[in-house]
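2 protein chains.
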Amino acid sequence: MSSEDLAKQIGEIGEFIKQAKAEGKPKEVWESSLQQMVALKAQYKEATGEDFGGTKQESKKKSSGDANQEASEKNKEKAAAKAAAKAEKERKKEANRLAREQREREKAEKLAGVGQENFGDAPMVQSQSISDKQWTKVGQLSPALVGQEVWVRGHIQTCRSMGKGVFVLLRSSLYTVQGVCFESKDGQISSAMVKYIAALPLESVVDLQGIVSVPEVPVEKATQTNVELQIQGLFCISKASTTMPFQMEDACRPDSTKESDVGAYDADAEKAKQDAAGLDGPHVGQEIRLDYRWIDLRTPANQSIFRIESMVGQLFREYLCNNGFVELHTPKLIGGASEGGSEVFRVDYFGQPACLAMSPQLHKQMTAACSGFERVYEVGPVFRAENSNTRRHLCEFTGLDLEMAIHEHYDEVLQVFSELFIYIFDGLNQRCQAELTRVREQHPFEDLQYCRPTLKITYAEGCKLLRDAGIPQDDLQDLSTEHEKKLGDIVKAKYGTDFFFMDKYPLSVRPFYTMPDPNNPKLSNSYDFFIRGQEILSGAQRIHEPALLEERAKSHGIPLDTIASYVNSFRNGALPHGGGGIGLERVVMLFLGLPNIRKAAWFPRDPKRLMP
Amino acid sequence: MSSEDLAKQIGEIGEFIKQAKAEGKPKEVWESSLQQMVALKAQYKEATGEDFGGTKQESKKKSSGDANQEASEKNKEKAAAKAAAKAEKERKKEANRLAREQREREKAEKLAGVGQENFGDAPMVQSQSISDKQWTKVGQLSPALVGQEVWVRGHIQTCRSMGKGVFVLLRSSLYTVQGVCFESKDGQISSAMVKYIAALPLESVVDLQGIVSVPEVPVEKATQTNVELQIQGLFCISKASTTMPFQMEDACRPDSTKESDVGAYDADAEKAKQDAAGLDGPHVGQEIRLDYRWIDLRTPANQSIFRIESMVGQLFREYLCNNGFVELHTPKLIGGASEGGSEVFRVDYFGQPACLAMSPQLHKQMTAACSGFERVYEVGPVFRAENSNTRRHLCEFTGLDLEMAIHEHYDEVLQVFSELFIYIFDGLNQRCQAELTRVREQHPFEDLQYCRPTLKITYAEGCKLLRDAGIPQDDLQDLSTEHEKKLGDIVKAKYGTDFFFMDKYPLSVRPFYTMPDPNNPKLSNSYDFFIRGQEILSGAQRIHEPALLEERAKSHGIPLDTIASYVNSFRNGALPHGGGGIGLERVVMLFLGLPNIRKAAWFPRDPKRLMP
């Protein structure tokens with residue numbers, strides 16, 4: 289190939305690479321072209337004795353040399369020498385310019401990671417191959433690993449340049465570690481590498497190759513305070529957009545103390561407040577957090593809240609599986625349009641009216657009491673089309689339900705619940721220490737106090753405690769949310785517990801299927817549980833005799849034809865039974881003293897929110 | 289009180305009790321009246337020297353005596369003596385009649401349990417008090433307890449009279465035991481007691497007090513073959529209706545062998561068949577079973593199937609919790625009306641259009657890949673408005689979903705799945721032996737064969753296996769259900785496994801978010817899993833780069849505005865990831881070789897069934 293052809297091809301390939309980069313195409317699109325270009329440049333140098341880039345200059349020089357040879361008079365030598373000197377100067381100038389351009393191009397390529405071995409944009413992870421890299425979790429980094437080389441993958445939470453170096457805070461799940469990268473004289477860490485790291489958009493995912501070291505001063509900003517990573521290599525795996533709806537630093541800031549005192553929750557007002565404050569303000573409002581939930585969930589507090597929530601479910605099931613309960617999956621699609629009156633979501637089921645289950649009540653009873661499974665539980669979604677915009681209501685939440693046969697008394701159920709809750713609370717305190725620390729850093733709260741076994745008072749005793757404190761409360765009237773909170777305070781002061789049971793509720797305030805008290809026709813064999821003065825469970829012994837079920841339904845004004853199939857399931861021999869349903873998000877919210885149930889729901893649904 | 293007043297009062301109370309019983313009122317309604325009556329009768333005897341019931345006779349005798357005294361001639365003595373003898377005879381006759389009536393009344397009362405200490409209808413269990421009874425589970429009854437007195441509660445499955453005795457088969461969960469009750473000379477077991485037991489409607493719930501004994505011949509009908517219970521007491525806790533939609537004996541009968549070969553499922557045809565066969569026929573059709581699911585679930589096979597299903601969930605979560613996965617609860621209510629085209633159920637959400645999630649795909653990816661949870665799983669309902677009436681489809685089923693970040697290759701996901709499934713299969717075989725035995729008795733099946741690690745073949749290899757067997761199959765065409773089954777047979781014959789993975793599916797047959805194969809643009813980084821030739825899991829590495837997601841969506845003809853919020857969640861740095869979703873009911877159905885997925889769903893939902 290002639291040098292001209294080579295030059296032409298190098299130019300074309302260069303143009304292609306330039307354009308590919310301008311369009312932001314992944315490295316693998318232009319990488320082989322780059323290698324081809326390097327090979328062609330080598331050929332070019334072999335053919336012409338000159339680096340490509342000096343090419344035109346070289347041929348210019350040659351042609352000007354030819355022209356000089358055509359002039360053949362002595363008195364022209366001086367002018368020729370002068371012209372040659374000028375040409376030489378021009379050539380040098382042009383060569384310098386091209387060299388500068390080349391350096392800049394190389395610098396840009398280095399910044400983009402081209403041709404570099406220890407930094408740059410990695411090819412898209414597409415299961416090309418499996419390397420022998422040993423990956424370490426950020427949470428596992430400790431001084432025990434000092435001197436070892438590790439690979440960690442995480443998000444760049446913050447990045448701070450300092451002289452010829454850069455400090456990055458790398459985050460993975462609920463842990464962070466500081467990475468340090470300073471330009472080195474041996475060329476291992478180039479200034480291009482430091483600049484590349486500094487220029488990466490925050491929240492980009494990177495693979496960091498580093499040597500574990502122990503910093504002179506603990507790194508207070510990181511969860512791994514006693515180690516840092518001396519960066520040897522850094523590759524971007526997924527580049528974040530440079531515009532973020534809010535900064536992670538702001539999203540991690542501790543709660544303002546007054547937020548939890550507000551009783552009502554007004555999404556619009558919050559939204560307006562947050563808009564007025566500006567998106568980059570120091571506090572990130574609840575609404576924008578939820579709008580970009582996938583970013584909000586990255587905060588160490590949120591990483592912890594949902595690991596704690598996961599643990600509540602795990603402990604709930606562990607205890608029940610160890611105590612003979614069977615996991616049930618009840619249908620959420622229920623025939624008919626009126627399971628619970630106006631508060632159901634209606635569904636079109638192949639042209640038939642249907643609705644979403646407001647609780648697994650009916651099927652729990654059918655399996656535990658009528659089918660002989662004796663002890664069943666379910667963890668599943670519960671739907672309430674209730675137009676409530678409060679800090680404690682959701683339109684879809686996770687129910688932890690159980691139902692069990694009893695031999696003689698609903699105290700058998702309460703004993704299971706008492707042991708169950710103590711198992712859950714103990715388990716959280718034992719197994720989730722790191723998570724509880726992270727939550728506390730952002731949302732300070734007092735440890736939950738609870739007794740063994742759980743304190744139980746009767747409804748009448750609860751009402752009397754209120755009256756003794758000067759709060760009017762009738763034994764047969766329902767408790768308001770406000771009175772429940774006050775009772776929680778009184779019980780805490782008197783018994784030193786944030787968690788208690790209250791039983792023997794008035795019959796009139798409970799569902800028709802609640803078993804009446806055998807000694808007092810105005811009371812019932814029912815109970816509620818409270819954490820920090822807020823109800824988290826409602827339950828009862830249920831009626832297992834069809835005749836009594838019908839009698840109670842009548843006195844509640846429920847037409848018998850609407851509950852005929854429910855009642856019929858008790859006509860073929862049924863076990864006496866009781867149970868209850870817990871709201872998972874409420875348990876987590878109240879255990880952690882969070883101000884809003886939305887903070888304990890992965891993707892909350894309320895009358896104004898159906899996204900993301 | 290005069291004897292007349294006493295008599296009147298006794299009569300009134302007797303009338304009240306009679307009527308209360310006729311109306312089927314519970315024992316506690318008339319029990320205290322009975323005691324009052326007994327007390328009044330004692331008073332009556334004290335006052336008159338006669339048992340009540342002889343009362344009128346007594347006064348009659350007295351008045352005829354008075355009349356005789358008014359006659360005072362010798363020659364009338366003979367006639368008087370004759371008359372007296374006749375009156376005495378009449379009195380005796382009447383006394384006999386009354387005594388007979390009394391005996392019959394007492395017998396009836398005994399049959400109803402009145403006044404008996406060791407049998408009868410127990411007062412409704414209403415948490416009146418807690419006794420010191422020690423309860424034993426039927427499954428725990430063994431010869432080790434011989435000679436001990438136990439209390440067990442269960443359903444009377446069958447009852448057989450023999451001479452002066454009765455044999456009952458008592459069932460509790462998946463266990464049965466034989467109870468024996470013969471009239472005894474010491475009066476401890478009365479004939480009334482034997483008759484009371486024999487007359488109880490089948491499926492009634494009873495408390496049985498018995499002494500554990502070892503029968504001379506094993507009781508083949510019971511699961512507890514080596515023991516029986518010598519009944520000392522028996523009380524009815526919940527009386528079943530005497531009409532049952534089908535007999536439990538029929539419902540427990542082993543499958544006809546041909547049923548599993550039928551491919552399509554026609555509810556109407558089954559219904560017609562079952563109607564034609566008559567409700568009390570020896571086979572109970574699928575539809576009537578489902579109509580009365582709470583009775584059908586009582587069969588030992590069903591008790592076992594759902595305990596096995598519960599264990600699958602438990603094993604799934606155990607493995608994942610031990611391997612760093614976090615439990616996720618994704619919303620089932622999704623904004624918009626067109627998540628997956630026509631196959632979604634539409635919901636009215638406070639006037640906004642919404643639909644039920646067809647999978648937790650989006651939120652799984654958001655949390656695992658975009659929020660940094662890295663490893664998440666969910667167990668929850670999945671909704672498909674697919675008008676499919678087959679043996680393998682449900683409109684609502686339980687999804688076991690997981691999603692995880694990968695470092696380099698989706699083989700990291702497959703390794704987790706391989707270990708997970710082996711953990712589940714091993715766990716079922718180890719922990720559910722009793723349940724597997726009970727299922728086998730009714731639904732015979734071959735043990736599942738599986739290798740360690742799980743066999744993996746590529747789609748192209750699978751297609752070649754089919755072609756080698758003379759079945760035409762193109763490498764880039766989707767597999768039909770029929771070809772999947774054939775491939776399962778070929779793989780079983782060649783590799784000796786009922787369970788395998790197949791990866792590298794054609795890109796065109798997978799969802800747009802599937803990562804393309806890096807080496808062949810027509811293939812993808814996706815996989816399906818099969819048990820006994822039927823698909824149970826579909827999954828893939830997913831695209832984590834927004835630009836590629838949009839490109840793939842375009843080539844699938846999906847308008848970008850409909851997936852904008854999905855794509856946006858990948859713009860802030862996302863981890864490479866993969867995952868998959870398992871249908872719980874399918875795993876259970878195929879592990880147990882059941883002929884119909886409805887047998888593995890607690891309360892199945894299909895286009896024709898929304899009840900119970």
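Chains as they are written, first to last, in the numbering used here: chain A, 289 to 900; chain B, 289 to 900. Positions of the beta carbon are idealized from the N, C-alpha and C atoms, including for glycine. From a predicted model like this one, the values you see are computed outputs, not experimental measurements.
Continuous beta strand (DSSP E) stretch holding residue i: start and end
i: residue 687 of chain B; result: 684-693
i: residue 469 of chain B; result: 463-470
i: residue 834 of chain A; result: From DSSP, residue 834 of chain A is part of no beta strand (DSSP E) but of the alpha helix (DSSP H) over 834-843.
i: residue 865 of chain B; result: 865-871
i: residue 814 of chain B; result: 814-819
i: residue 788 of chain A; result: 787-791
Residue i - partner residues in DSSP beta bridges
i: residue 447 of chain A; result: A/456
i: residue 609 of chain B; result: Looking at the DSSP assignment, residue 609 of chain B forms no beta bridge with any residue, so it has no partner.
i: residue 671 of chain A; result: A/684
i: residue 522 of chain A; result: A/407 and A/496
i: residue 862 of chain A; result: Answer is none; residue 862 of chain A lacks a bridge partner.
i: residue 622 of chain B; result: B/643
i: residue 615 of chain B; result: B/665
i: residue 894 of chain B; result: B/897
Given residue i as reference, the closest of the options once Cα atoms are compared
i: residue 496 of chain A; options: A/743, A/537, A/372 and A/442; result: A/442
i: residue 300 of chain B; options: B/311, B/313, B/847 and B/329; result: B/329
i: residue 643 of chain A; options: A/634, A/489 and A/305; result: A/634
i: residue 433 of chain B; options: B/487, B/456 and B/499; result: B/499
i: residue 697 of chain A; options: A/840, A/804 and A/296; result: A/804
i: residue 476 of chain B; options: B/490, B/514, B/522 and B/505; result: B/522
i: residue 323 of chain A; options: A/743, A/336, A/302 and A/840; result: A/302
i: residue 583 of chain A; options: A/610, A/654, A/491 and A/653; result: A/491
Contacts around residue i, its chain only, beta-carbon distance under 8 Å, and the 5 residues preceding and following it disregarded
i: residue 458 of chain B; result: 426, 440, 442, 443, 444, 445, 464, 465, 466, 467, 494, 496 and 517
i: residue 794 of chain A; result: 747, 763, 764, 765, 766, 810, 811 and 812
i: residue 916 of chain A; result: Here chain A has residues from 289 to 900 only, and residue 916 of chain A is not among them.
i: residue 657 of chain A; result: 691, 693, 830, 832, 858, 862, 863, 864 and 865
i: residue 359 of chain A; result: Because residue 359 of chain A sits at a pLDDT of 49, beneath the cut-off of 50, its placement in the model cannot be relied upon, and the following sentence gives the value as read from the coordinates. Around residue 359 of chain A: 368.
i: residue 307 of chain B; result: none
i: residue 757 of chain A; result: 774 and 778
i: residue 585 of chain A; result: 591, 594 and 890
i: residue 710 of chain B; result: 738, 740, 741 and 742
i: residue 932 of chain A; result: In the structure as shown, chain A begins at 289 and stops at 900. Residue 932 of chain A is therefore absent and cannot be evaluated.
Beta-carbon proximity list for residue i, same chain, < 7 Å, skipping 5 on both sides
i: residue 452 of chain A; result: 470, 471, 479 and 482
i: residue 597 of chain B; result: 872, 876 and 888
i: residue 798 of chain B; result: 812, 814 and 828
Residue i: CB within 7 Å of a non-hydrogen atom of the ligand SAM
i: residue 671 of chain A; result: As far as ligands go, the structure on display features none, and thus does not contain the ligand SAM.
Beta-carbon contacts of residue i that lie in its chain and below 6 Å, excluding the five residues immediately before and after
i: residue 715 of chain B; result: 603
i: residue 680 of chain B; result: 885
i: residue 592 of chain B; result: 462, 723, 726 and 727
i: residue 448 of chain A; result: 455
Extent of the continuous alpha helix (DSSP H) run through residue i
i: residue 823 of chain A; result: Not the alpha helix (DSSP H): residue 823 of chain A falls in the beta strand (DSSP E), residues 822-830.
i: residue 742 of chain A; result: Looking at the DSSP string, residue 742 of chain A is not in any alpha helix (DSSP H), and its letter there is neither H nor E.
i: residue 581 of chain A; result: 581-584
Q: Tell me, please, whether the segment 662-679 of chain B touches the segment 629-638 of chain B by the rule of three or more beta-carbon pairs shorter than 8 Å.
A: yes
Q: Inspect the CB distances between the segment 517-528 of chain B and the segment 859-876 of chain A and report whether three or more fall short of 8 Å.
A: yes
Q) Would you say the segment 819-826 of chain B touches the segment 403-416 of chain A, given that touching needs at least three Cβ pairs under 8 Å? A) no
Q: Flag this pair as touching only if the segment 737-747 of chain A and the segment 785-803 of chain A have three or more C-beta atom pairs under 8 Å; answer yes or no.
A: yes
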